[in-house]
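Below is one structure; the comments refer to it alone.
There are 2 protein chains.
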Amino acid sequence: MYNIGAAAEAAELPVKTVRYYADIDLVTPSERSQAGYRQYGEAEVKKLIFVRRSRTFGFSVDECRELLSLYQDRNRESRQVKQIALQRIEEIEHKMAELQTLHDELAHLAETCRGDSRPDCPIIKSFSA
Amino acid sequence: MYNIGAAAEAAELPVKTVRYYADIDLVTPSERSQAGYRQYGEAEVKKLIFVRRSRTFGFSVDECRELLSLYQDRNRESRQVKQIALQRIEEIEHKMAELQTLHDELAHLAETCRGDSRPDCPIIKSFSA
DNA sequence: GTAAGGCTTCCACTAACTGGAAGGTCAAGG
DNA sequence: CCTTGACCTTCCAGTTAGTGGAAGCCTTAC
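Each protein sequence line maps, in turn, to chains A and B. If you read the first sequence in the working numbering, its first letter stands for residue 1, the second for the next number, and so on. If you read the second sequence in the working numbering, its first letter stands for residue 1, the second for the next number, and so on.
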């Protein structure tokens with residue numbers, strides 16, 4: 001069992017955020033200690049990690065709720081799970097393509113910058129033209 | 001010259017957001033029409049697109065301001081431009097790796113779902129275990 | 001010339017945190 | 001046993017980045 005601090009560290013999230021997720025019933029601790037401390041198990045930590053990754057890429061908290069439910073709702077039809085997953089995958093692929101573009105733009109910028117003190121990155125011209 | 005609606009469409013951003021960016025002086029229209037309409041040139045539209053891409057991947061508005069200034073501030077030292085760019089590239093690569101993980105998780109989920117009405121995606125077990 | 005659609009400002013609201021105060025808990029050291 | 005420091009609690013206020021809607025002006029098309 002993890003206290004909130006340990007769970008937050010394991011999931012690479014701020015403690016405040018983990019507490020917030022508990023408040024909104026997105027990822028709730030499996031129990032409370034006598035003193036009222038939130039206690040998280042391995043499964044909850046995995047959920048937190050999954051949520052962090054999903055949030056990082058623009059899925060709203062409500063979408064995360066839906067994605068999480070893919071894993072949790074055993075009554076959901078397999079077909080429906082598959083459909084939602086495929087839809088999200090498409091979005092992710094679009095995001096990846098854009099991220100690649102952003103990456104390439106910055107890489108090109110970095111490359112063409114000579115790294116010395118001359119303030120004449122060629123890309124500046126191409127952009128402001 | 002683009003009116004705000006055309007600029008927003010070209011940049012794939014909501015009109016409201018473009019207006020907001022003007023309000024906070026992130027991307028300002030190059031001029032106003034007699035009637036007070038915001039007028040955007042090609043350069044501003046490119047900036048809007050750049051901002052949208054950057055925002056999509058977790059750069060804050062203030063970070064976008066910095067990234068934009070890489071393109072605009074001709075007095076900035078090339079070395080400094082390069083350093084900021086390289087730093088952001090590292091972040092982007094990290095984001096891409098996580099996005100890939102998320103993608104693979106969902107792809108695996110979709111694959112292992114049989115697509116019929118049986119609610120027994122194997123990944124559910126692996127997750128909740 | 002009037003109706004539709006786009007533009008303006010302003011103000012209120014939302015989502016998703018984030019910071020800080022006031023105070024309880026727990027393990028370690030003196 | 002007691003205290004000190006790190007960690008936990010709730011509650012409330014503030015922030016960021018939009019977003020929705022009202023009231024009203026502008027432009028184009030029939």
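Beta carbons are placed, not taken as given, at the ideal position from N, Cα and C, and that holds for glycine. A quick note: this is a predicted structure, and the numbers were derived from the prediction, not measured.
Neighbourhood of residue i by C-beta distance below 8 angstroms, restricted to the same chain and skipping five residues each side
i: S54(B); result: E63, C64 and L67
i: Y37(A); result: N3 and I4
i: I92(B); result: F57
i: L102(A); result: none
i: K95(A); result: F57 and G58
Proximal residues of chain B, C-beta to C-beta of residue i below 9 angstroms
i: M96(A); result: M96, L99, Q100 and H103
i: T56(A); result: F57, G58, K95, E98, L99 and L102
i: K16(A); result: Under the 9 angstroms cutoff, chain B gives no residues; its nearest Cβ is about 17 angstroms from K16(A).
Residues near residue i by beta carbon distance below 7 angstroms, same chain, minus five either side
i: A10(B); result: Y2 and V45
i: E12(A); result: R52
i: S33(A); result: Q39
Cβ-based neighbour list, residue i, same chain, cut-off 6 angstroms, excluding 5 preceding and 5 following
i: Y131(A); result: Outside the shown range of chain A, which is 1 to 129, sits residue 131(A), and nothing can be said about it.
i: Y40(A); result: Y2, A7 and P29
Of the listed residues the options, nearest to residue i (C-alpha basis)
i: L86(A); options: T101(A), A97(A) and L70(A); result: L70(A)
i: T17(A); options: L106(A), L48(A) and A107(A); result: L48(A)
i: E105(A); options: Q34(B), I89(B), R32(B) and A107(B); result: I89(B)
i: I24(A); options: V61(A), L99(A) and E31(A); result: V61(A)
i: K82(B); options: A43(A), F50(A), A107(A) and R19(A); result: A107(A)
i: F59(B); options: I84(B), A43(B) and E42(B); result: I84(B)
DSSP state of residue i mapped onto helix, strand, coil
i: E31(A); result: strand
i: Y2(B); result: strand
i: Y40(A); result: strand
i: D25(B); result: coil
i: L109(A); result: helix
i: E12(B); result: coil
i: V18(A); result: helix
Within chain A, partners of residue i - CB distance below 8 angstroms
i: C64(B); result: Going along chain A, no residue has its Cβ under 8 angstroms from C64(B), so there is no contact; the nearest lies around 11 angstroms.
i: I92(B); result: L99, L102, H103 and L106
Chain B contact residues for residue i, given Cβ-Cβ distances below 8 angstroms
i: S141(A); result: Any property of residue 141(A) remains undetermined from this structure, which presents chain A solely from 1 to 129.
i: I4(A); result: Near I4(A) there are no residues of chain B at all, since even the closest Cβ is about 21 angstroms away, more than 8 angstroms.
Under 7 angstroms from the C-beta of residue i: neighbouring residues of chain A
i: A110(B); result: K82, A85, L86 and I89
i: R53(B); result: E98, T101 and L102
Distance cut-off 8 angstroms: residue i Cβ against heavy atoms of the ligand COA
i: E44(A); result: Because no ligand of any kind appears in the structure shown, any question about the ligand COA cannot be addressed here.
Contact list for residue i against chain B, beta-carbon separation under 7 angstroms
i: A107(A); result: I89
Report task. Entirely within the segment 42-104 of chain A and at least 4 residues each: give me those alpha helix (DSSP H) ranges in chain order. Result -> 42-56 and 61-72
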